[in-house]
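Peer 1: Note that this note's numbering has the sequence shown beginning at 4, numbered continuously upward. Here a beta-carbon is modelled for each residue, glycine too, at the ideal position from N, C-alpha and C. Note that the structure is a prediction, hence the values are computed from the model and not measured. There's a structure below that I have some questions on.
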Amino acid sequence: MIVRNINDLIGSSRDIRGEVWSSRRFLVADDNVGFTLTETTVEAGADMTLWYKHHIEANYVIEGTGEVENAETGEVFPLVAGTTYTLDKNDKHHLRAFTRLKLVCVFNPALTGAEVHDKDGAYTLPK
Numbered sequence: 004m005i006v007r008n009i010n011d012l013i014g015s016s017r018d019i020r021g022e023v024w025s026s027r028r029f030l031v032a033d034d035n036v037g038f039t040l041t042e043t044t045v046e047a048g049a050d051m052t053l054w055y056k057h058h059i060e061a062n063y064v065i066e067g068t069g070e071v072e073n074a075e076t077g078e079v080f081p082l083v084a085g086t087t088y089t090l091d092k093n094d095k096h097h098l099r100a101f102t103r104l105k106l107v108c109v110f111n112p113a114l115t116g117a118e119v120h121d122k123d124g125a126y127t128l129p130k
């Protein structure tokens, strides 16, 4: 059984930060459960282009407001607490945070835990 508290992640190697986001990674590849579970915060005003070419990602908004836009179709979906969105086709997308967004995210395959976005907004697969 794996039990972790968010306070144990803060400031650890599982607390990863970008320019306008932070990701606290509860589960990673070394945990051997086949997926990654994170709590991710995106700061108000952020406008990020992301494209998880190698991962399927599901998100559950637990706090804040924003929108996600499908980069291919132009469809825009509002994000508020209680909303989920899943990038089931490795969808390239734009994530915009109107207020601070807090999300619970699941990645498959699992992340190593140290990933940050590359120039395409993707996480690379470990070699």
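(1) Out of D11, V23, T102 and Y55, point me to the one whose CA is closest to V109's CA.
(2) Can you tell me which residues form a DSSP beta bridge with Y63?
(3) If contacts are defined as beta-carbon pairs under 8 Å, then N8 and I59 qualify, I think. What distance do you get, rounded to the angstrom?
(4) Along the alpha helix (DSSP H) that carries N10, what are the first and last residues, could you check?
(5) Using a threshold of 7 Å, is the CB atom of L106 nearer than that to any non-hydrogen atom of the ligand GTP?
(6) Return the chain-ordered list of same chain residues with a C-beta closer than 6 Å to the C-beta of P81, the five sequence neighbours on each side being excluded.
(7) Please state if the CB of L104 and the CB of E66 are separated by a distance shorter than 8 Å.
(8) From the DSSP output, which residues share a beta bridge with P2?
(9) Expressed to the nearest angstrom, what Euclidean distance is found between the alpha-carbon atoms of K139 and D50?
(10) Could you say if the stretch 30 to 49 and the stretch 70 to 79 meet the contact criterion of at least three C-beta pairs nearer than 8 Å?
(11) Tell me whether A100 sits in a helix, a strand or coil according to DSSP, three-state version.
Peer 2: Looking at the coordinates:
(1) Y55
(2) T87 and V107
(3) N8 to I59, Cβ: 27 Å. No contact.
(4) I9 to L12
(5) No copy of the ligand GTP appears in this structure; indeed no ligand is present at all.
(6) E70
(7) yes
(8) Shown here, the chain extends from 4 to 130; a query on residue 2 therefore has no answer.
(9) With the chain represented from 4 up to 130, any question about residue 139 goes unanswered, as that position is not in the structure.
(10) no
(11) Strand at A100.
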